[in-house]
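Sequence positions in the sequence shown follow our numbering and run -10 to 99.
By construction, the Cβ of each residue, glycine as well, lies at the ideal position given by its N, Cα and C atoms.
What you are looking at is a predicted structure, and each value in this text was computed from that prediction instead of being measured.
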Amino acid sequence: MAKYFLPIFLREKIYTMPQFLEKRFYSRVKVVLAIFWLAVYVFVNLTSILYLGATALNALAEIDMFYGMLFLASLSVAYSLYGGLKAVALLTSFKLSYWFLVAWLSVTLL
């Protein structure tokens, strides 16, 4: 499928789903999709990440769940505000190289 659709998307300069929906339908669909994905991200992804992180802190250091979530949320906000997108990109690059190293060691040691 990508063999046939990717050249069309690249020629039309469509790189994201909202761009595709805007060209296919109209611009209000793009706004509705953006609001929907923002709500999904906030209410599903962030809450589950905070909950699971607080659960780990509770199991390891016996920190109350509420304070663990508050600590993780404030830490991530401070990290993003202080370092900005550059800090986030550098951390992502570090994590990617770390996971490649772990995968390589797993394959070679097995």
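- request: Determine the extent of the alpha helix (DSSP H) in which V31 is found, giving its start and end residues.
  value: Start at 1 with the first residue of the sequence shown, and residue 31 comes out as number 42. Annotation for V31: no alpha helix (DSSP H) segment contains it, and DSSP assigns it neither H nor E.
- request: Would you mind sorting L90 into buried or exposed? The rule is 16 or more other CB atoms within 10 Å of its CB.
  value: By one-based count along the sequence shown, residue 90 stands at place 101. With fewer than 16 Cβ atoms within 10 Å of its Cβ, L90 is classed as exposed.
- prompt: Tell me which same chain residues have a C-beta within less than 8 Å of the C-beta of R0, skipping the five on either side of it?
  reply: By 1-based counting over the sequence shown, the position of residue 0 is 11. Contacts found: none.
- request: Give the C-beta separation of M58 and L39 to the nearest angstrom, bearing in mind that I take them to be a contact with Cβ-Cβ under 8 Å.
  value: Here residue 58 refers to the residue found at position 69 of the sequence shown. Here residue 39 refers to the residue found at position 50 of the sequence shown. That pair is a contact at about 5 Å.
Residues of its chain near S16, where Cβ-Cβ distance is below 8 Å and the 5 sequence neighbours each way are ignored: As a position in the sequence shown, residue 16 is number 27, starting the count at 1. If we look at S16 and ignore the five residues flanking it on each side, it has no Cβ neighbours.
message: Among the candidates M6, A43, P7, whose CA atom is the shortest distance from the CA of D53?
response: Position 64 of the sequence shown, counted from the first residue, corresponds to residue 53. Among M6, A43, P7, the Cα nearest to that of D53 is on A43.
field: L174, enclosing alpha helix (DSSP H) - first and last residue
entry: Past the edges of the chain, shown from -10 to 99, lies residue 174, and the structure says nothing about it.
- request: Since I believe L22 is in contact with L41 (beta carbons under 8 Å), could you give me their beta-carbon distance rounded to a whole number of angstroms?
  value: Start at 1 with the first residue of the sequence shown, and residue 41 comes out as number 52. Start at 1 with the first residue of the sequence shown, and residue 22 comes out as number 33. Not really, about 27 Å apart at Cβ, beyond 8 Å.
message: Quick check: the Cα distance between S82 and V66, rounded to an integer number of angstroms?
response: Position 93 of the sequence shown holds residue 82. Position 77 of the sequence shown holds residue 66. Straight-line Cα distance between these residues: approximately 19 Å.
- prompt: Looking only at its own chain, which residues have a Cβ that is under 6 Å from the Cβ of I3, when we skip the five neighbours before and after it?
  reply: As a working mapping, residue 3 is identified with position 14 in the sequence shown. Within the same chain, I3 has close Cβ partners F9.
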